[in-house]
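Colleague: Right, I'll just put the structure down here and ask away after.
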Amino acid sequence: MKKLNIYFTAGIPKLKDTTEILKLIQNSGADYIEIGMPYSDPVADGPVIQKAHEIALKNGMTIAELFGQLKWVKSEMKIPIILMGYINPVLSFGFEKFCEECKDSGVSGLIIPDLPPVEFEKNYRSILKKYNLNFIFLVTPETSDERIKYLDSLSSGFLYAVSSSSTTGNEAKEINNEEYLNRLANLRLKNPVMIGFGIKNKSDFDKVTEKADGGIIGTAFVNILLNNDDWAKKGENFIRSIIN
448 MKKLNIYFTA
458 GIPKLKDTTE
468 ILKLIQNSGA
478 DYIEIGMPYS
488 DPVADGPVIQ
498 KAHEIALKNG
508 MTIAELFGQL
518 KWVKSEMKIP
528 IILMGYINPV
538 LSFGFEKFCE
548 ECKDSGVSGL
558 IIPDLPPVEF
568 EKNYRSILKK
578 YNLNFIFLVT
588 PETSDERIKY
598 LDSLSSGFLY
608 AVSSSSTTGN
618 EAKEINNEEY
628 LNRLANLRLK
638 NPVMIGFGIK
648 NKSDFDKVTE
658 KADGGIIGTA
668 FVNILLNNDD
678 WAKKGENFIR
688 SIIN
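Numbered according to my numbering, the sequence shown spans residues 448 to 691.
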């Protein structure tokens, strides 16, 4: 079975909806949950997720608030929770304090795309190990084989393979890029490969996961949360439509 990772931004549609969304994703059959930590300058994200960040910040979502909410549902969560965000807010919070809170809140891993791997190795890897947290790096079609292997060696949990070098949620022209997907498959990487960016439906998901271990869906799910009063039912139906 191919793995499904669902992303959403913490603090949308309303500040306290995060815990309900976590349970919804788990109960709908997803394998991982990826929570975006709102940031004022989310440069790697497309317009939908940028809007989600803006709404979440207006709603009052902070890293401290998120950890508090995660602790409320920790005992009910059985699938891995991964936090995704930018390095500056994490450093402002305090990196080791952040990792300690992750452990106490039931978080199993981090994705911080703007943390350079050399800096990660030098300053942060040992702290993550101390708190038993996975760290997931991103690769793109432009990443060389040698660097993919290097980032795979640093990653734990899975390797996040961006299906195009565009921002999140854009139509990924390379979503069917056989050469890229074959290359990843042939490298015999140590981590499972999860493909992200541009997956909007079951057809997309099935295409990209032919050569990968799973797929990551964010923008399509966030759209449902932002644009529907009955987002819980629609969100559940959407996730089940991908799996079934």
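Every residue gets a Cβ at the ideal spot worked out from N, C-alpha and C, and that includes glycine.
Rank 635, 452, 609 by C-alpha distance to the C-alpha of residue 624 and give the top, closest one.
Modeller: Comparing Cα positions, the closest option is 609.
Colleague: Can you name the residues that DSSP bridges to residue 481?
Modeller: For residue 481, which the question treats as bridged, DSSP gives the partners 454, 529.
Colleague: Taking the alpha carbon of residue 481 as the reference point, which residue from 661, 654, 531 has its own alpha carbon closest?
Modeller: With distances taken between Cα atoms, residue 481 lies closest to 531.
Colleague: Between residue 675 and residue 650, what straight-line distance do the alpha-carbon atoms span, to the nearest angstrom?
Modeller: So the two alpha carbons sit approximately 23 angstroms from each other.
Colleague: Under the three-state reduction of DSSP, which class applies to residue 648: helix, strand or coil?
Modeller: Residue 648: coil per DSSP, three-state reduction.
Colleague: Straight-line CA distance for residue 522 to residue 640?
Modeller: If I take the Cα positions, the gap works out to 28 angstroms.
Colleague: Tell me whether the beta-carbon of residue 556 lies closer than 7 angstroms to the beta-carbon of residue 524.
Modeller: No, they are not a contact pair.
Colleague: Taking residue 548 as the reference, which of 596, 578, 492 has the closest Cα?
Modeller: With distances taken between Cα atoms, residue 548 lies closest to 578.
Colleague: I'd like to know whether the C-beta atoms of residue 605 and residue 638 end up nearer to each other than 7 angstroms.
Modeller: It is a contact, given that the beta carbons lie within the stated cut-off.
Colleague: Is it buried or exposed, residue 485, if we count other Cβ atoms within 10 angstroms and call 16 or more buried?
Modeller: Under this definition residue 485 is a buried residue.
Colleague: Tell me whether the stretch 493-502 and the stretch 531-544 touch, counting them as touching only if at least three CB pairs, one residue from each stretch, are closer than 8 angstroms.
Modeller: Contact fails: fewer than three Cβ-Cβ distances are below 8 angstroms.
Colleague: Check whether the stretch 506-519 and the stretch 682-691 are in contact - that is, three or more C-beta pairs closer than 8 angstroms.
Modeller: Flag = no, the stretch 506-519 and the stretch 682-691 do not touch.
Colleague: Is the beta carbon of residue 584 sitting closer than 7 angstroms to the one on residue 575?
Modeller: Going by C-beta atoms, residue 584 is not nearer than 7 angstroms to residue 575.
Colleague: Between the C-alpha atoms of residue 573 and residue 528, what's the straight-line distance to the nearest angstrom?
Modeller: Rounded to the nearest angstrom, the two C-alpha atoms are 20 angstroms apart.
Colleague: Could you check the C-alpha separation between residue 504 and residue 643 for me, to the nearest Å?
Modeller: Answer to the nearest angstrom: the Cα atoms are 24 angstroms apart.
Colleague: Provide the residue span of the alpha helix (DSSP H) that contains residue 537, from first to last.
Modeller: Note, residue 537: alpha helix (DSSP H), 534-540.
Colleague: Could you work out which residue in 459, 471, 570, 454 is closest to residue 681 when comparing CA atoms only?
Modeller: The shortest C-alpha separation from residue 681 is found at 471.
Colleague: How far does the beta strand (DSSP E) with residue 606 in it reach, from first residue to last?
Modeller: Taken as a continuous stretch (DSSP letters only), the beta strand (DSSP E) holding residue 606 covers 606-609.
Colleague: Residue 520 bridges to which residues according to DSSP?
Modeller: Its beta-bridge partners do not exist; DSSP assigns none.
Colleague: When burial is assigned at 16 or more other CB atoms within 10 Å of the CB, is residue 459 buried or exposed?
Modeller: By the 10 Å Cβ count, residue 459 comes out buried.
Colleague: Using CA coordinates, which residue listed in 601, 568, 665, 691 is at the minimum distance from residue 499?
Modeller: When only C-alpha atoms are compared, the closest one is 665.
Colleague: Hey, how far is the Cα of residue 629 from the Cα of residue 519?
Modeller: Roughly 42 angstroms separates the two Cα atoms.
Colleague: When we look at the beta-carbon of residue 448 and count the other beta-carbons within 10 Å, is it buried (16 or more) or exposed?
Modeller: Looking at its Cβ environment, which holds fewer than 16 other Cβ atoms inside 10 Å, residue 448 is exposed.
Colleague: Is residue 675 helix, strand or coil by DSSP?
Modeller: Coil at residue 675, not helix or strand.
Colleague: Could you give the DSSP three-state label for residue 682: helix, strand or coil?
Modeller: Reduced to three states, the DSSP call for residue 682 is helix.
Colleague: Only counting the same chain, and skipping five residues up and downstream in sequence, which positions put a Cβ closer than 8 angstroms to that of residue 596?
Modeller: Within the same chain, residue 596 has close Cβ partners 634, 636.
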